[in-house]
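The structure appears below as structure tokens.
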Amino acid sequence: MKKLILLMSLLISVTLTACGGESKATEEISVYNWGEYIDPEILKDFEKETGIKVNYSTYASNEDLYIKMTQSQDQYDVIVPSDYMIEKLIKEDLLQEVNYENIPNFQNVEDRLKNPTFDPENKYSVPYFWGTVGIVYNKKAVTDPVNSWDILWNEKYANQIIMYNSQRDTIGVALKKLGYSLNSTNEKELQEAKDLLIAQKPLVYAYLDDDGRDVVVQGDANLSVMYSGDALLMIKQNEDLDYVIPKEGSNIWYDSMVIPKNARNVSGAEKFINYMLEKEVQAKNVNYCVGYTSPVKGVKELLPDEIKNSKVAYPDLTNAPELEAFKDLGEFIKVYDRIWTEINASNL
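Numbered by mature numbering (1 follows the signal peptide of the UniProt record, and there is no 0), the letters in the sequence shown go through residues -18 to -1, 1 to 330 in order.
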């Protein structure tokens, strides 16, 4: 009888443990972010500090993120879209409002980055990084002045030019070269941009994503459209490189953390967002990502001189060419889709 009681006690103990009655089951969150956009040590530090395991995965473009959000069964607790995509996700009711009582570190965010046009009341988004888009070029190989988008159409540099494999970015470059808005909904202007990009294709080494960085650093191409953060990393790896925002103007972008409507662990998501806004965590992340600009006050002073004093990471916006953020174009994006398909289908 005693053996039976002991056996039953053991079975109850095991059952309680398995059901969480005695054990502390590991809490988890799923984070979906751009590639190479966080120091992996930060994820480990967060897990140690909070006991929350981070399931981390990456995407290559806002459009890839949107497809995953709308056409798959995958669920994420934190995602990091760009301005126009956040605007789109808000319109489609795919995001939760942020409870700032659980994110006290929001007070650390630069005032000028609060209440952005894509989220005017900061109901849904918390800044992650910001920056610009310009041209990275090799100062020894490119002998002409690099101050205009025109250089990317110069036949002298045939097969040395990299364009982004990104619809909004690449069509946007052509629109700015022509003197138009990045957010143009004028079909005549877009037709001109399409023709310009098709005419450029024989000069283009390739349309690439993040892998374009290594191509330029290694000297296999000498001109590339590039995000500012990537540009500073490349300059650090190859001192012959430099970065410029063309005189016709360019894109200023903002990536922010948001919580999807179908998030499984909102509390964990809030803890992660709050953690990412700590000054020391931000400084560590900027050091890893090198040139992306922190939205948090006081981080700049914690950075090494090559980042802190960099015109790439911290440009003088008062004297910069005209900078525009991308906007969600609603149904008109289908015109961009068609144009992008036609550009890609044209022969080199």
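By construction, the Cβ of each residue, glycine as well, lies at the ideal position given by its N, Cα and C atoms. The structure displayed is predicted, hence computed values, not measured ones.
- Your pair Leu77 and Tyr106 checks out as a contact, with CB atoms roughly 5 Å apart and the cut at 8 Å.
- Under the three-state reduction of DSSP output, Lys138 falls in the helix class.
- Around the Cβ of Thr114, a 10 Å sphere holds 16 or more other Cβ atoms; the residue is buried.
- Remark: C-beta atoms of Leu259 and Val272 do not approach each other more closely than 8 Å.
- Rounded to the nearest whole angstrom, the C-alpha separation of Ile241 and Glu306 is 25 Å.
- Assigned with DSSP and collapsed to three states, Pro228 falls in coil, not helix or strand.
- DSSP, read as helix, strand or coil, puts Lys35 in strand.
- Here DSSP, grouped into helix, strand and coil, assigns Gly211 to helix.
- The segment 234 to 251 and the segment 64 to 81 touch, with three or more beta-carbon pairs separated by less than 8 Å.
- Taking Ser39 as reference, the option from Lys30, Glu29, Pro22 with the minimal CA-CA separation is Pro22.
- Residues of the same chain with a CB within less than 7 Å of the CB of Glu69, apart from the 5 flanking positions on each side, are Phe100, Lys309, Asp310 in chain order.
- Beta-bridge partners of Met51 (DSSP): none assigned.
- Between the alpha carbons of Ser328 and Tyr19 lies a distance of about 33 Å.
- Cβ atoms of Gly116 and Tyr225 come within 8 Å of each other, at about 5 Å.
- Excluding five sequence positions before and after Asp46, none of the CB atoms of its chain fall closer than 7 Å to its own CB.
- With a cutoff of 8 Å on beta-carbon distance, Lys229 and Ser130 are scored as near each other.
- The segment 312 to 319 and the segment 147 to 162 touch, with no fewer than 3 CB-CB distances between them shorter than 8 Å.
- For Thr114, the enclosing beta strand (DSSP E) has its first and last residue at 108 to 120.
- Listed in chain order, the non-local C-beta contacts of Tyr187 below 8 Å within the same chain comprise Asn141, Gln142, Ile143, Ile144, Val197, Asp202, Ala203, local neighbours out to five positions each way being set aside.
- At the C-beta level, Leu185 and Glu137 come within 8 Å of one another.
- Collapsing the DSSP output to three states places Pro63 in coil.
- As computed with DSSP, Met239 is found in a beta bridge with Val108.
- Between the segment 42 to 61 and the segment 244 to 255 there are three or more inter-stretch CB-CB distances shorter than 8 Å, so the stretches are counted as touching.
- Bridge partners of Tyr189 according to DSSP: Met145.
- Closest by C-alpha distance to Ile72, out of Asn104, Glu9, Asn120, is Asn104.
- It is roughly 33 Å from the alpha-carbon of Asn301 to the alpha-carbon of Tyr41.
- Residue environment for Ser64: buried (at least 16 other C-beta atoms within 10 angstroms of its C-beta).
- Around the beta-carbon of Gln182, 16 or more other beta-carbon atoms lie within 10 Å, marking it buried.
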